[in-house]
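> If you're matching them up, the sequences are chains A and U in order.
Going by the working numbering, 181 is the number at position 181 of the first sequence; the sequence numbering is gapless.
Going by the working numbering, 660 is the number at position 317 of the second sequence; the sequence numbering is gapless.
Dumping the structure here so I can ask a few things about it.
There are 2 protein chains.
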Amino acid sequence: MNVPAPRVTINDVAARAGVSKGAVSMAFNNRPGVSAATRERIFEVARQLGWTPHQTARSLAGRRVGIVGLAICRPARLLGLEPFYMEFISGIEDVLAGRSCSLLLRLVRDLDEEIALYEEWWRSRTIGGAILVDFHREDPRIAPLRALGLPAVAVGHPSLTGGFPSVWTDDATAASDAVRYLAALGHRRIARVGGPAGLGHSGIRAAAFEATMAELGLDGRRQVSTGFVGEEGARATRSLLLGPERPTAIVYDNDIMAVAGAAVAAEMGLAVPDDVSLLAWDDSQLCRITHPPLSAMSHDVHHFGEEVARALFEVIAGTHKGALQVPTPALTPRGSTGPPRRA
Amino acid sequence: MNVPAPRVTINDVAARAGVSKGAVSMAFNNRPGVSAATRERIFEVARQLGWTPHQTARSLAGRRVGIVGLAICRPARLLGLEPFYMEFISGIEDVLAGRSCSLLLRLVRDLDEEIALYEEWWRSRTIGGAILVDFHREDPRIAPLRALGLPAVAVGHPSLTGGFPSVWTDDATAASDAVRYLAALGHRRIARVGGPAGLGHSGIRAAAFEATMAELGLDGRRQVSTGFVGEEGARATRSLLLGPERPTAIVYDNDIMAVAGAAVAAEMGLAVPDDVSLLAWDDSQLCRITHPPLSAMSHDVHHFGEEVARALFEVIAGTHKGALQVPTPALTPRGSTGPPRRA
DNA sequence: AGCCGTACGTGAACCGGTAAAGTGCCGATT
DNA sequence: AATCGGCACTTTACCGGTTCACGTACGGCT
Chain A
1 MNVPAPRVTI
11 NDVAARAGVS
21 KGAVSMAFNN
31 RPGVSAATRE
41 RIFEVARQLG
51 WTPHQTARSL
61 AGRRVGIVGL
71 AICRPARLLG
81 LEPFYMEFIS
91 GIEDVLAGRS
101 CSLLLRLVRD
111 LDEEIALYEE
121 WWRSRTIGGA
131 ILVDFHREDP
141 RIAPLRALGL
151 PAVAVGHPSL
161 TGGFPSVWTD
171 DATAASDAVR
181 YLAALGHRRI
191 ARVGGPAGLG
201 HSGIRAAAFE
211 ATMAELGLDG
221 RRQVSTGFVG
231 EEGARATRSL
241 LLGPERPTAI
251 VYDNDIMAVA
261 GAAVAAEMGL
271 AVPDDVSLLA
281 WDDSQLCRIT
291 HPPLSAMSHD
301 VHHFGEEVAR
311 ALFEVIAGTH
321 KGALQVPTPA
331 LTPRGSTGPP
341 RRA
Chain U
344 MNVPAPRVTI
354 NDVAARAGVS
364 KGAVSMAFNN
374 RPGVSAATRE
384 RIFEVARQLG
394 WTPHQTARSL
404 AGRRVGIVGL
414 AICRPARLLG
424 LEPFYMEFIS
434 GIEDVLAGRS
444 CSLLLRLVRD
454 LDEEIALYEE
464 WWRSRTIGGA
474 ILVDFHREDP
484 RIAPLRALGL
494 PAVAVGHPSL
504 TGGFPSVWTD
514 DATAASDAVR
524 YLAALGHRRI
534 ARVGGPAGLG
544 HSGIRAAAFE
554 ATMAELGLDG
564 RRQVSTGFVG
574 EEGARATRSL
584 LLGPERPTAI
594 VYDNDIMAVA
604 GAAVAAEMGL
614 AVPDDVSLLA
624 WDDSQLCRIT
634 HPPLSAMSHD
644 VHHFGEEVAR
654 ALFEVIAGTH
664 KGALQVPTPA
674 LTPRGSTGPP
684 RRA
């Protein structure tokens, strides 16, 4: 990409302000070595000339990169992202913007591609750090990315993230809370529509679900794994509702599958929540636009993103403490959960 | 952000391959001046050393930037993006990745912030070009961004984009098609839930809607403007369905509002499509997971994104021809549209 | 007066590449 | 035999900042 315009550089500013470019640099990085008066004059000249430090040159000289990489792995080409990610990204952005950094986003098709991308980004010094999401059990990214020495923050339970500094939310407790809530309403046949079996947080929720069900003396085997896509949520719901001993409540692993589940219930002529209660995860606007609105295990995803970004800066600065927990998703009851019809 | 690892540079590769760094540079930019044998040796050494050209240095020296900026303007903090954008972005990414370029994404709160961001990005040479979306009538971004000289591609009808090279889809024809389709089914009271009044493509659709309705001898004044958010789509639908002379069909400006509209119909006990037909715009997985599934004016948003990215490269190369039209959204009938109950 | 410490700046050496001009060699042309 | 063009590199000058060793002037202390 060619740059057409005549550039104004630090030299122009320095010349016009009657100082050396070193002085301009110091002024713009607010560090000692220039008097307040000179500093002010430099700023004034820069403003007049419309000069902003050249990010690229700055990165090169300062060996720092103001760009953070985020690769999201989506299997299919046309898939689109869950609302979760958009809020998550907007949280990250908020923090990055405050430090004049930017987010480099890429959708990849599989983990190998993701690994290759991070290697490329890091080796070519395109990014200064990365945010790793969607950890799997025995995640194949861990070894190669650690070897790379890429500063990164992992989103996920420390048990999954293979030593990467992590930010996580207590999915086990939340899943348990969800089950207890439904049980307290009188439900005994509770099902769960989860994400892919290998995916870490889905696994954690699945285990917690089963454990809590057992603890309550209930059968915790009504669990289905899906690919997080709406259609699969619909299919899973359909098979659960058509199966023997129909569940009276279903917990979903995200909101889009819950919406799809609500549609399936409607299609089957089942009333929500009388015939079946539905509980979503990752509360987004989707949950509020269905009828009835979906109860959800909601957490502040925006804030989650902010914390992740902050953690990454700490990692880069070498001051991160290991793992950071953000608040556990809390139940937000809306119209889609209630006591079963004849409890 | 500090770089911890000891870096391997072009000099190391050059030394180890027994050539000058100029030769390495030529080899890696595949240009003439090095023999096939030497070239091969250089590649081999680079591979052994795990060297990739330093993007930052390359940008600085070559005065080219491999990063494309995209700012999306969302009013509220927690809003999240429509599915449209995610597909659009994935289309852009596909093309960028093929040229080792990346997308810099930022969510901004208003157009002034967007203008400031682009100025900052361009002046600091963070980006080599930009993609401009969501044009308004008399868009305030046009003048300042043109003055900047920032290479950019606008997404929107040429009448809106103020001379920026643009990629657009024929919303007027599509809106007209939608009306004709519903009218052919027997609908006479057709309403439309559009985006913000000032937004260019909403305006175009609104005008085409009204014109086509008039042409068919129908009343085209049942139009509501919203902010594209689900809740607002729900509110608009409610007011339409509760108003006098209830419409028998509603066209929405995106899919999330249509989903919300479907929920409102359910909430009011209206059957879809018997009591009211619903037609979405921007077909995403959301349209397939409701019950009944939503008919939509669908276009290949992924492909749209690809074309936009390609156009941007042409603009940067100085070879763009002005405006590029991508296929008109086509009606995809599903379960949410049908003849009115007693036509 | 002589010495020192400090605040303010300067100048040059990088950072890791690219690009354009320069060099040496070789076969072909005149 | 002298000239020339072209290839295959090498050399050198940047790109636009940051960093740091090194002046310089000034005030305070003895």
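Think of the CB as a built atom: it goes at the ideal place given N, C-alpha and C, for glycine as much as any other residue.
#1: Can you tell me where the alpha helix (DSSP H) holding U:W465 begins and where it ends?
#2: Within the 7 Å Cβ cut-off, does U:A414 reach chain A?
#3: State the DSSP-derived secondary structure class of A:A15, mapped to helix, strand or coil.
#4: For A:H136, which beta-bridge partners are listed by DSSP?
#5: Return the first residue and the last residue of the beta strand (DSSP E) that U:A527 is part of.
#6: What is the DSSP secondary structure of A:V229, reduced to helix, strand or coil?
#7: Once the 5 residues before and after A:F135 are set aside, which same chain residues still bring their CB inside 7 Å of it?
#8: Quick one: what's got a C-beta closer than 7 Å to U:N354's C-beta in the same chain, skipping five residues either side?
#9: DSSP state of A:R69, grouped into three classes?
#10: For a quick check, are the C-beta atoms of A:L70 and A:I131 less than 7 Å apart?
#11: Cβ closer than 7 Å: which chain U residues qualify as neighbours of A:L350?
#12: Buried or exposed: where does U:G665 fall if 16 or more other Cβ atoms within 10 Å of its Cβ makes it buried?
#13: Locate the alpha helix (DSSP H) running through U:M600, then write down its first and last residues.
#14: Is any beta-carbon of chain A found at less than 7 Å from that of U:R468?
#15: Just how far apart, CA to CA, sit A:T248 and U:S467?
#16: May I have the straight-line CA-CA distance separating U:A713 from U:V669, to the nearest angstrom?
#17: Examine chain A for any beta-carbon lying closer than 7 Å to the beta-carbon of U:L358, and answer yes or no.
#18: Would you mind sorting U:S509 into buried or exposed? The rule is 16 or more other CB atoms within 10 Å of its CB.
#19: Taking a cut of 8 Å between CB atoms, which residues from the segment 380 to 400 of chain U lie near chain A?
#20: Candidates A:E120, A:D110, A:G128 and A:A266: which alpha carbon is nearest A:D139's?
#21: Could you run through the segment 269 to 301 of chain A and flag, in chain order, every residue whose CB is less than 9 Å away from some CB of chain U?
#22: Under 7 Å between C-beta atoms, does A:A263 make it to chain U?
#23: DSSP puts A:M297 in a beta bridge; with which residues?
#24: Ordered along the chain, which non-local residues of its own chain (more than five positions away) have a Cβ less than 6 Å from that of U:A515?
#25: In whole angstroms, give me the CA-to-CA distance for A:T38 and A:A23.
#26: Quick one: what does DSSP say U:L447 is sitting in, helix, strand or coil?
#27: Which same chain residues end up closer than 6 Å to U:P501 when comparing Cβ atoms and leaving out the 5 residues on each side of it in sequence?
#28: Grab me the residues of U:A608's own chain with a C-beta within less than 6 Å of its C-beta, minus the 5 sequence neighbours each way, in chain order.
#29: Can you list, in chain order, the residues of its chain with a C-beta nearer than 6 Å to that of U:W394? Leave out the 5 residues immediately preceding and following it.
#30: Which residue or residues does DSSP assign as beta-bridge partners of A:V153?
#31: Cutting at 8 Å between CB atoms, please list the residues of its own chain near A:R334, excluding the five before and the five after it.
#32: Please work out which residues of its chain come closer than 8 Å, Cβ to Cβ, to A:S100, disregarding the five sequence neighbours upstream and downstream, and give them in chain order.
#33: Alpha carbon to alpha carbon, what distance is there between U:P487 and A:W121?
#34: The beta strand (DSSP E) spanning U:V351 covers which residue range?
#35: Quick one: does A:A130 have its CB under 7 Å from some CB of chain U?
#36: Could you name the residues that DSSP lists as bridge partners for A:R192?
Quick answer:
#1: On the second sequence, position 122 is the one that residue 465 of chain U refers to. L454 to R466 is the extent of the alpha helix (DSSP H) around U:W465.
#2: One-based indexing of the second sequence puts residue 414 of chain U at position 71. Not one chain A Cβ lies under 7 Å of U:A414.
#3: Translated into positions along the first sequence, residue 15 of chain A becomes position 15. Helix at A:A15.
#4: The residue labelled residue 136 of chain A in the question sits at position 136 within the first sequence. Its beta-bridge partners are A:L199.
#5: Here residue 527 of chain U refers to the residue found at position 184 of the second sequence. Where U:A527 is concerned, there is no enclosing beta strand (DSSP E), although the alpha helix (DSSP H) around it starts and stops at D514 to A527.
#6: Translated into positions along the first sequence, residue 229 of chain A becomes position 229. Correct three-state label for A:V229: coil.
#7: As a first step, residue 135 of chain A must be located in the first sequence, where it is residue number 135. Only A154, G156, L160, T161 and G200 meet the Cβ criterion.
#8: As a first step, residue 354 of chain U is located in the second sequence; it is residue number 11 there, counting from the start. Hits under 7 Å: K364.
#9: Taking the first residue of the first sequence as 1, we reach residue 69 of chain A at position 69. The sequence given here has Gly at residue 69 of chain A, not Arg. In this structure, A:G69 counts as strand in the three-state DSSP scheme.
#10: Numbered from 1 along the first sequence, position 70 holds the residue referred to as residue 70 of chain A. Numbered from 1 along the first sequence, position 131 holds the residue referred to as residue 131 of chain A. In contact: A:L70 and A:I131 (Cβ atoms closer than 7 Å).
#11: Residue 350 of chain A lies beyond the residue range present for chain A, which begins at 1 and ends at 343; the question has no answer from this structure.
#12: As a first step, residue 665 of chain U is located in the second sequence; it is residue number 322 there, counting from the start. With fewer than 16 Cβ atoms within 10 Å of its Cβ, U:G665 is classed as exposed.
#13: Within the second sequence, residue 600 of chain U is the residue found at index 257, counting from 1. Looking at the DSSP string, the run of the alpha helix (DSSP H) that includes U:M600 is D598 to E610.
#14: As a working mapping, residue 468 of chain U is identified with position 125 in the second sequence. For U:R468, the nearest CB of chain A lies under 7 Å from its own CB, placing it at the interface with that chain.
#15: Numbered from its first residue, the first sequence carries residue 248 of chain A at position 248. Numbered from its first residue, the second sequence carries residue 467 of chain U at position 124. The straight-line gap from Cα to Cα measures roughly 58 Å.
#16: Chain U is shown only over 344 to 686; residue 713 of chain U falls outside these bounds and no answer can be derived.
#17: In the second sequence, residue 358 of chain U corresponds to position 15, counting from 1. Reading the sequence as shown, one finds Ala at residue 358 of chain U and not Leu. Not closer than 7 Å to any Cβ of chain A, the Cβ of U:A358 fails to qualify, so no.
#18: Against the second sequence, residue 509 of chain U aligns to sequence position 166. Looking at its Cβ environment, which holds 16 or more other Cβ atoms inside 10 Å, U:S509 is buried.
#19: G393, W394, T395, P396, H397, Q398, T399 and A400
#20: To locate residue 139 of chain A, count along the first sequence from 1; it is residue 139. Out of A:E120, A:D110, A:G128 and A:A266, A:D110 has the C-alpha closest to the C-alpha of A:D139.
#21: S284, Q285, L286, R288, I289, T290, H291, P292, P293, D300 and V301
#22: The residue labelled residue 263 of chain A in the question sits at position 263 within the first sequence. For A:A263, the answer is yes, since a Cβ of chain U falls inside 7 Å of its Cβ.
#23: Here residue 297 of chain A corresponds to residue number 297 of the first sequence, with the count starting at 1. Bridge partners of A:M297: A:W281 and A:L331.
#24: Walking along the second sequence from the start, residue 515 of chain U turns up at place 172. The answer, listed in chain order, is I547 and A551.
#25: Looking up residue 38 of chain A in the first sequence gives position 38. Looking up residue 23 of chain A in the first sequence gives position 23. The alpha-carbon atoms of A:T38 and A:A23 are separated by roughly 9 Å.
#26: Translated into the one-based positions of the second sequence, residue 447 of chain U becomes position 104. In this structure, U:L447 counts as strand in the three-state DSSP scheme.
#27: On the second sequence, position 158 is the one that residue 501 of chain U refers to. Cβ within range, chain order: S509 and A666.
#28: Along the second sequence, one-based indexing puts residue 608 of chain U at 265. Here the set comprises V615 and V619.
#29: The sequence position of residue 394 of chain U within the second sequence is 51, counting from 1. Contacts found: V351 and V356.
#30: Here residue 153 of chain A is taken as the residue at index 153 of the first sequence, counted from 1. In DSSP, A:V153 forms a bridge with A:I131.
#31: The residue labelled residue 334 of chain A in the question sits at position 334 within the first sequence. Excluding sequence neighbours, A:R334 sits near C287, R288, P292, P293, L294, S295 and A296.
#32: One-based indexing of the first sequence puts residue 100 of chain A at position 100. Hits under 8 Å: G66.
#33: The residue you call residue 121 of chain A lines up with position 121 of the first sequence. The residue you call residue 487 of chain U lines up with position 144 of the second sequence. Rounded to whole angstroms, A:W121 to U:P487 spans 32 Å at the Cα level.
#34: Taking the second sequence and counting its residues from 1, the one referred to as residue 351 of chain U is at position 8. Segment: none, U:V351 is in no beta strand (DSSP E) and carries neither H nor E.
#35: Taking the first residue of the first sequence as 1, we reach residue 130 of chain A at position 130. Not a single C-beta of chain U is nearer than 7 Å to the C-beta of A:A130.
#36: Sequence index remark: in the first sequence, residue 192 of chain A carries index 192 (1-based). Note: A:R192 sits in a beta bridge opposite A:Q223 and A:V251.
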